[in-house]
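Structure first, then comments.
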Amino acid sequence: MRLPTEVEWAYAARGGNKVSLSVFDQPHPYDSTPGGYEWYRQASGNKIRHTGSKELKPNPLGLYDMLGNAEELTYGIFGHDFLFARFGGLVVRGGNFSDHIDDIKASRRAEYKVYKSNGDILRWSKVGFRLAIGTLVSESGHTNDELDDAYEDYIQSDSGVTQSGPVGKTSLSQQAQADQVNYYSDEISRLSDEVKELRGDNKNLVYEAETLHGKIEENLLTLAVLKRELNAEREKNKNLSKLADIESIDKKINIAISVKDSEISRLKSELTQLSSLVAKQVNQLKSKELSDKKIFSLQKKVSDAERRDTIALHEIEKNKKRIIVAEKRLLEALVRVAGYNLYTAWRNLRAIEIKKRAGSSVSPSAWDNNKREAEAMLKEYRRYIVQIIDNTNVKLLPEVKNKVVNWLESNKIDKRQIQGLDLLERHIREVQQGKYLQVDELYDSLLSEPELK
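Under the UniProt record's numbering, the residues of the sequence shown are numbered 1 to 453, in order.
Below, the structure written as structure tokens:
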């Protein structure tokens, strides 16, 4: 009986040969969440539970509590990086009963420091172990003891080592045979040492293979994270495409208004010319009948020109209303995206703060992704504030903000995202007054902003 290696433990925790390759690569081998299968903080009441409880179902291999409840010891030395990091204590896998459900996953690993600084054994109330049954395997079907015994029998037999002849009876032929036997005996001894050395090398290769497998597992998880980020970026690009469409509509409306303004100017000029022509021709009419006909014709043209002018003015009013609607849509889209970026940055900074409080059990590299994403979101947030000020009518912001807040509240969105709109409104006012928003200042002060308390 022995502790399982990290590779053996991960194989069992992911469902082994009872699940497909796609399920095997997921954080856990269940259809949706670990709920109903594992003990985590919300389900366990933040305390240790008995293994194999009837309240839970086993994983696809029939094993209980592989994830959550108690973190499990493995037969491996901990290192933050499989290839280059300095090694520490033993490796514990799977998370424990005090972890959030999102942290209950097969890739979860941490360091278990076995001894205190004074040399006493360190015991953790959240750590346990399960044993694996191990055995030696030979390709020929024989055990190592059988192979060693057979080799010793061969060395000690007459066929293995030549016996020296009596004094005075050793011929040159016998001496040659004895020399040859001694040579092969030395070769056997050398090969025996080489076999032992190769066995040691083989153990090292097995360990390196296990380490490489763990690295591959870690890279696969990183790839899954990158895929989720790529999907998020694609959704963001869809929103930006919608914004681009709105801006295109806005430009078309402005062009239409410009055309209508030109038409109105032309009609006014035409009306002026017609009025002048009417006055001139009235004076030139000599007969009343001819005068009446021409006056009627000119009055009809004037009436038509006035009607076209009225229609053009009506179209302008309609286009102005369309512009206001388009302005509101553009402003709403920018407010939604900026608010979401601000909330995402706050959530990542909050995650970093929580991980820092965890102390030595969490590596600093564990929040590098949170830091990079927070900085990227704040850069996007600042860019959207500039777009709101440059490309929209900021006077419409209170009305649009109330609409977005009502939508977020009706959909039960996190109140921090709703409060973030107040901070967005303040930043817009500050930029209008001439302040330049620095990303590093936003990064340092975001968690302490009064709007997000």
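From the three backbone atoms N, C-alpha and C, an ideal C-beta is built for every residue, glycine too.
Check: Do L67 and E38 have their C-beta atoms within less than 8 Å of each other?; Outcome: yes
Check: Kindly indicate which three-state DSSP category T74 falls into: helix, strand or coil?; Outcome: strand
Check: Measure the Cβ-Cβ separation of L378 and Y443 and say whether it is below 8 Å.; Outcome: yes
Check: Can you tell me where the alpha helix (DSSP H) with L408 in it begins and where it stops?; Outcome: L397 to S410
Check: As a quick exercise: from K300, I249, D292 and K252, pick the residue whose alpha carbon is nearest that of L271.; Outcome: K300
Check: In this structure, does DSSP put L274 in helix, strand or coil?; Outcome: helix
Check: Three-state secondary structure (DSSP) at E208?; Outcome: helix
Check: Within 10 angstroms of the Cβ of V404, are there 16 or more other Cβ atoms? Answer buried if so, exposed if not.; Outcome: buried
Check: When the Cβ atoms of the region 404 to 420 are set against those of the region 340 to 350, are three or more pairs found closer than 8 Å?; Outcome: yes
Check: Quick test of your reading: A106 and E71, contact by CB under 8 Å. State the CB separation rounded to the nearest angstrom.; Outcome: Not confirmed; about 13 Å, so no contact.
Check: Using only the alpha-carbon positions, how far apart do S248 and N406 sit?; Outcome: 28 Å
Check: Does the Cβ of S297 have 16 or more other Cβ atoms within 10 Å, making it buried, or fewer, making it exposed?; Outcome: exposed
Check: Are the Cβ atoms of E332 and V400 separated by less than 8 Å?; Outcome: yes
Check: My guess is that A150 and R2 are in contact by the Cβ rule of under 8 Å, so how many angstroms apart are they, rounded?; Outcome: Contact doesn't hold; Cβ gap of about 27 Å is too wide.
Check: Would you check if the distance between the CB atom of G89 and the CB atom of G79 is smaller than 8 Å?; Outcome: no
Check: Do L277 and R308 have their C-beta atoms within less than 8 Å of each other?; Outcome: no
Check: Are there 16 or more other CB atoms within 10 angstroms of the CB of S258, so buried, or fewer, so exposed?; Outcome: exposed
Check: Please determine, among I101, A224 and K116, the residue with the shortest C-alpha to C-alpha distance to G45.; Outcome: I101
Check: List in chain order: all unbroken beta strand (DSSP E) runs of 3+ residues lying wholly within the UniProt domain "Sulfatase-modifying factor enzyme-like" (2 to 132).; Outcome: 71 to 77, 90 to 93 and 109 to 112
Check: Which residue wins for smallest C-alpha separation from E217, given the options H28, E449, Y436 and D440?; Outcome: H28
Check: From E353 to R329, what distance separates their C-alpha atoms?; Outcome: 36 Å
Check: Would DSSP call L437 helix, strand or coil?; Outcome: coil
Check: How about T135 and Y75: do their beta carbons lie closer than 8 Å?; Outcome: no
Check: Can you give, in chain order, each stretch of the alpha helix (DSSP H) that sits fully within the region 351 to 386 and has at least 4 residues?; Outcome: none
Check: Taking the alpha-carbon of L452 as reference, which of E441, D414, V439 and I295 has the nearest alpha-carbon?; Outcome: D414
Check: Give the secondary structure of H142 by DSSP, where H, G and I count as helix, E and B as strand, and everything else as coil.; Outcome: coil
Check: Among the candidates V225, S269 and V114, whose CA atom is the shortest distance from the CA of N370?; Outcome: V225
Check: Sorted by chain position, which residues of the same chain lie with C-beta nearer than 7 Å to H213's C-beta, five sequence neighbours on each side aside?; Outcome: V7
Check: Excluding the five sequence neighbours on either side, which residues of its own chain have a C-beta within less than 8 Å of the C-beta of Q163, listed in chain order?; Outcome: Unreliable positioning characterises Q163 in this predicted model, as indicated by a pLDDT of 41, which lies under 50. A coordinate reading is not provided.
Check: Answer with buried or exposed for D440, where buried requires no fewer than 16 other C-beta atoms within 10 angstroms of its C-beta.; Outcome: exposed
Check: Ignore the nearest five residues each way along the sequence and tell me which others in I121's own chain have a CB closer than 8 Å to its CB.; Outcome: V114 and Y115
Check: Is DSSP giving D414 helix, strand or coil here?; Outcome: coil
Check: Confirm, please, whether the CB-CB distance from L334 to T392 is below 8 Å.; Outcome: yes
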